[in-house]
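The structure appears right after this line, and notes come after that.
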Amino acid sequence: MRALVHDALTLEPLARPFEPPSSNSEFILSASQKMTNRTLLCKNCRQSVVKPRVNVHDTSTLELYTNLRTQYGPSALELNPPDINDILFQCDRDLEDYEYLVAQLSRILEQKKRLEQYRNALSSLRSPIRKLPTETLASIFDYACDQNIFQAFPWDEDSEDPPTTISLPMEFLPASSISSTCSRFHEVAISTASLWSRLKLEISSHDDDESENPAMSKMLELYLRRSKSFSLEIGLYVGGDVWNRESTHAFTPLLQQCRRWKTFEYRGHLTIDMFIQNEEEFDLLEKIKMGNGESLDIFERAPKLRELDIEQIGSDCSRFPWHQLTYLDIYGDDNSLVQIKDICPNLTALSLWEDGNDFITTPVIPCTGPFTRLNSLEVNVLPDSGDTIGLLDHIFSSFTCPSLLKLQIDTKADFSPDQAWRPWPKCTFNAFMSRSSCKITELSLMGVGISTADVISVLYLLTSLQDLSIDDWDLPRNWNPITSELMVGLHVSGLGRLLTTGKPSTCIVPRLRHISFTFSGTAFDDAAFISMILSRRLPNPDEAAKVEVDCLRSVVLKFTTRRVDMRDYQPLWDLEQKGMMVVVT
72 MRALVHDALT LEPLARPFEP PSSNSEFILS ASQKMTNRTL LCKNCRQSVV
122 KPRVNVHDTS TLELYTNLRT QYGPSALELN PPDINDILFQ CDRDLEDYEY
172 LVAQLSRILE QKKRLEQYRN ALSSLRSPIR KLPTETLASI FDYACDQNIF
222 QAFPWDEDSE DPPTTISLPM EFLPASSISS TCSRFHEVAI STASLWSRLK
272 LEISSHDDDE SENPAMSKML ELYLRRSKSF SLEIGLYVGG DVWNRESTHA
322 FTPLLQQCRR WKTFEYRGHL TIDMFIQNEE EFDLLEKIKM GNGESLDIFE
372 RAPKLRELDI EQIGSDCSRF PWHQLTYLDI YGDDNSLVQI KDICPNLTAL
422 SLWEDGNDFI TTPVIPCTGP FTRLNSLEVN VLPDSGDTIG LLDHIFSSFT
472 CPSLLKLQID TKADFSPDQA WRPWPKCTFN AFMSRSSCKI TELSLMGVGI
522 STADVISVLY LLTSLQDLSI DDWDLPRNWN PITSELMVGL HVSGLGRLLT
572 TGKPSTCIVP RLRHISFTFS GTAFDDAAFI SMILSRRLPN PDEAAKVEVD
622 CLRSVVLKFT TRRVDMRDYQ PLWDLEQKGM MVVVT
């Protein structure tokens, strides 16, 4: 019997535990069924594996329970007095057999569990990620790995800017997390120096001197070794406004590698010259981002520096290589707007921010000369700055940008539904376009309160425009430029008359190829939008040449709160089948 257990077994579903029958008829009717349901069969011969010595389903069992419920004492067995000791012995033998079977089944279940684990592990060898070349896997890791964050504690509880909140190792040490996954990931991570080159250090300064953190220093040194000779992207955040020597000691390993810095970002109340001395050389440094523009002279030995992101120009920065900059991101206050053109003659991209705490108060004074190389201008404005001169007014009145190709106007600040907006500077913009004679090819309006009429007046001047993006950012309806009138204005009017008569037709932005609208309201004219798109889809070059309108190539329409019936946009899906990119969400 025990040898059969090692064969493949099947266990029929068990019935509920045996209970004393409430009546003789119930027991007789169900006994044969329960015998079948309780039988353990061999998988091969389908015979019972267990041959019990005591049959608990025969009629003697019925008599036993009946006597137990009706009689007492020795007379309970007088009807059929069996050898009780012999039956008890046989019951014990059956129980031993059952316990053995249960133990064998437990072992089988454990073997089954291990087999399933082995099968899962074996099937993982067929995972598609194992077929990826090492170079592709390294590119994926490089894309997934952001900054590796090192935090020194204790942190000042009263700090205005607490350290980065992190919960998982992948969030603050992605390079280490990837390299500890498996041996192959470890080899790929070790051989990819860029994973270890993005380092951010967050330390806190206190009145009391803190002992150095050797564990963090060793970890930093490990990352620097594994980054090999790859250029470094360094971030430093210092909490608190009290300088002490120990807070600078944690930064020392990174400072020793300053010749390898490619980008540097600093945030804190202390000036940067408390951590970096003037004699340092930054051979590879290309980009600097700092909140405070003071003490920029320490970066005078940065021959490859091209990008600078600061709040305002500091007082002690005469030796800073301003002439090398091609990109500048700065608040547009009085001091900065006056100096930018003179100290940064080689700018190709400029991003200006309107400061709600430092309004422009001086009269508009034109710059001494044009921004001859500036091709991208981004202006981040506030909804309304009171009676002061708006940043857009100042720029359009004083700047001359003959090479400008991209104009982006954003509203980064939050605004209420009844927010007042400064009127669009139509006259100064017209003068700016006339003075600059530039050919803007890309226009982006993000959250700008401007009327549809003003948008159309702007588009009339941009005859070379190819890319138009408008995002209303929950603007009030009276300030939302995405209206039916805008669709009508962008429509190629008179197209059918032109194709039949051959007479020329005028159209705003005839070179337009890409349209992107983001609409947050509910009242949207779907029919007018579709009609406008269809009017600009001219795949036939001869027809496009007759109307002097370029064929539209892509359309992106996003609704943030409105539900759309995609069947209404079937004409656009037909255009997608013909090669135009269409996105409606």
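Going by this note's numbering, the sequence shown opens with residue 72, and the numbers climb by one from there. All C-beta atoms in this analysis are idealised placements derived from N, C-alpha and C, irrespective of residue type, glycine included.
Suppose contacts are defined by Cβ-Cβ distances below 7 Å. Is residue i in contact with residue j by that definition?
| i | j | result |
| --- | --- | --- |
| T252 | A209 | no |
| T443 | T419 | no |
| Q537 | T512 | yes |
| N693 | W492 | No information on residue 693 is available, as it lies outside the stretch 72 to 656 that the chain covers here. |
| I541 | F588 | yes |
| L367 | L399 | no |
| L476 | L448 | no |
| G518 | W544 | yes |
| D621 | R582 | yes |
| E365 | G339 | no |
| A246 | A321 | no |
| N191 | R269 | no |
| I369 | W393 | no |
| P240 | S250 | no |
| P642 | I601 | yes |
| S507 | P473 | yes |
| T334 | K358 | yes |
| D426 | D405 | no |
Can you grab the Cα-Cα spacing for the pair residue i / residue j, in whole Å?
| i | j | result |
| --- | --- | --- |
| L244 | K289 | 14 Å |
| E273 | S302 | 20 Å |
| I237 | I305 | 19 Å |
| R377 | E371 | 12 Å |
| V409 | P496 | 20 Å |
| T632 | D596 | 15 Å |
| L464 | V529 | Looking at the sequence shown, residue 464 is not Leu but Asp. Distance between the alpha carbons of D464 and V529 is about 15 Å. |
| M558 | M603 | 6 Å |
| I480 | L379 | 20 Å |
| R522 | P494 | Here residue 522 is Ser; the residue named in the question, Arg, does not match the sequence. Taking the straight line from one Cα to the other gives about 9 Å. |
| E382 | T499 | 26 Å |
| Y402 | V626 | 34 Å |
| N549 | I211 | 46 Å |
| S564 | S606 | 8 Å |
| P552 | G520 | 7 Å |
| P441 | R624 | 34 Å |
| L539 | L445 | 20 Å |
| G461 | F503 | 15 Å |
| V259 | D217 | 17 Å |
| W332 | K271 | 12 Å |
| S482 | P454 | Before going further, note that residue 482 is Thr rather than Ser in the sequence given. Each residue's Cα considered, the two are about 7 Å apart. |
| H128 | E134 | 11 Å |
| K412 | R390 | 17 Å |
Secondary structure at residue i, three-state DSSP: helix, strand or coil?
| i | result |
| --- | --- |
| N549 | helix |
| I220 | strand |
| T137 | helix |
| Q327 | coil |
| N417 | coil |
| C253 | coil |
| L399 | strand |
| F243 | helix |
| D542 | strand |
| G306 | strand |
| N95 | In this prediction, N95 has a pLDDT of 44, which is less than 50 and means its spatial position is unreliable; what the coordinates show is noted afterwards. Here N95 sits in helix by DSSP. |
| H585 | strand |
| I480 | strand |
| A102 | Here the model assigns A102 a pLDDT of 42, short of 50, so the residue's position is not dependable and the matter cannot be decided. |
| W492 | coil |
| T631 | coil |
| I274 | strand |
Near residue i, what residues of its chain come up, given a Cβ to Cβ distance below 6 Å and the 5 sequence neighbours on each side ignored?
| i | result |
| --- | --- |
| E336 | G306 and K360 |
| C329 | E351 and F353 |
| T656 | K629 |
| F256 | I249 |
Here's a check: name, in chain order, each residue in its chain whose Cβ is nearer than 7 Å to the Cβ of residue i, leaving out the five neighbours to either side.
| i | result |
| --- | --- |
| P324 | S288, L291, E292 and L295 |
| D387 | E365, S366 and D368 |
Closer than 8 Å by C-beta to residue i: which residues in its own chain qualify, once you throw out the five before and the five after it? Chain order, please.
| i | result |
| --- | --- |
| S505 | none |
| D213 | T263, S265 and L266 |
| P285 | none |
Answer yes or no: the CB of residue i versus the heavy atoms of the ligand MG, is any distance below 6 Å?
| i | result |
| --- | --- |
| E292 | Annotation note on the ligand MG: not contained in the displayed structure, which lists no ligands. |
Is residue i close to chain D, meaning its C-beta is less than 7 Å from at least one C-beta of that chain?
| i | result |
| --- | --- |
| C116 | Here chain D cannot be found, since the structure has a single protein chain. |
**Stretch pair the segment 194-201 + the segment 155-163: three plus CB contacts closer than 8 Å** = No, because fewer than three Cβ pairs between the segment 194-201 and the segment 155-163 fall closer than 8 Å, the two stretches do not touch.
**Prompt:** With contact counted as at least three CB pairs below 8 Å, one residue from each stretch, are the segment 165-180 and the segment 203-218 in contact?
**Reply:** The segment 165-180 vs the segment 203-218: no contact.
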